[in-house]
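Engineer: What follows is a single structure, and I will ask about it in a moment.
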Amino acid sequence: MVRRCTAPKSARYKDYGARGISVCEEWLIFDAFLRDMGERPPGMTLDRRDGTKGYSKDNCRGATPQEQSDNLR
């Protein structure tokens, strides 16, 4: 998440950071991310509710692969 939003040399940067998708400053510290999102449940991935907005507590959820595929731009 952090790499694809902040590192121009990341293979996925063009789809995230270059489009203005960011990670909230607090989540740049893993402990803060873990506090807000908790451990990843089996079979779930991190998903943004609104794909035009960045990664933050209010915009992220755990989602199944099917839920994620239904939430593509």
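Number 163 in the working numbering belongs to position 8 of the sequence shown; there are no gaps in the numbering. Glycine included, each C-beta is placed from N, C-alpha and C at the ideal position. Note that the structure is a prediction, hence the values are computed from the model and not measured.
(1) Closest to LYS212 by C-alpha separation, out of ASP225, SER177, PRO197, would be which residue?
(2) Tell me, please, which residues DSSP counts as bridged to LEU201.
(3) Check whether chain B comes within 7 Å of CYS215, counting only Cβ atoms and requiring the distance to be less than that.
(4) What does a CB cutoff of less than 8 Å around PRO163 pick up in its chain, not counting 5 residues either side in sequence?
(5) Leaving out five residues before and five after TYR168 in sequence, what residues of the same chain have Cβ atoms less than 7 Å from its Cβ?
(6) Looking only at DSSP bridge pairs, what is VAL178 linked to?
(7) What residue from GLY198, ALA166, ASN214 has the CA that sits closest to GLN221's CA?
Structural biologist: Here's the rundown:
(1) The alpha carbon of LYS212 has as its nearest neighbour, out of ASP225, SER177, PRO197, the alpha carbon of SER177.
(2) According to DSSP, which records beta bridges pairwise, LEU201 is partnered with GLY217.
(3) Included in the structure is just one protein chain, with no chain B present.
(4) Excluding its 5 nearest sequence neighbours in each direction, PRO163 has C-beta neighbours in its own chain below 8 Å: GLY172, ALA173, listed in chain order.
(5) Taken in chain order, the residues that qualify are ARG159, ALA162.
(6) Answer is TYR210, bridged to VAL178.
(7) When the alpha-carbon of GLN221 is set against those of GLY198, ALA166, ASN214, the nearest one is in GLY198.
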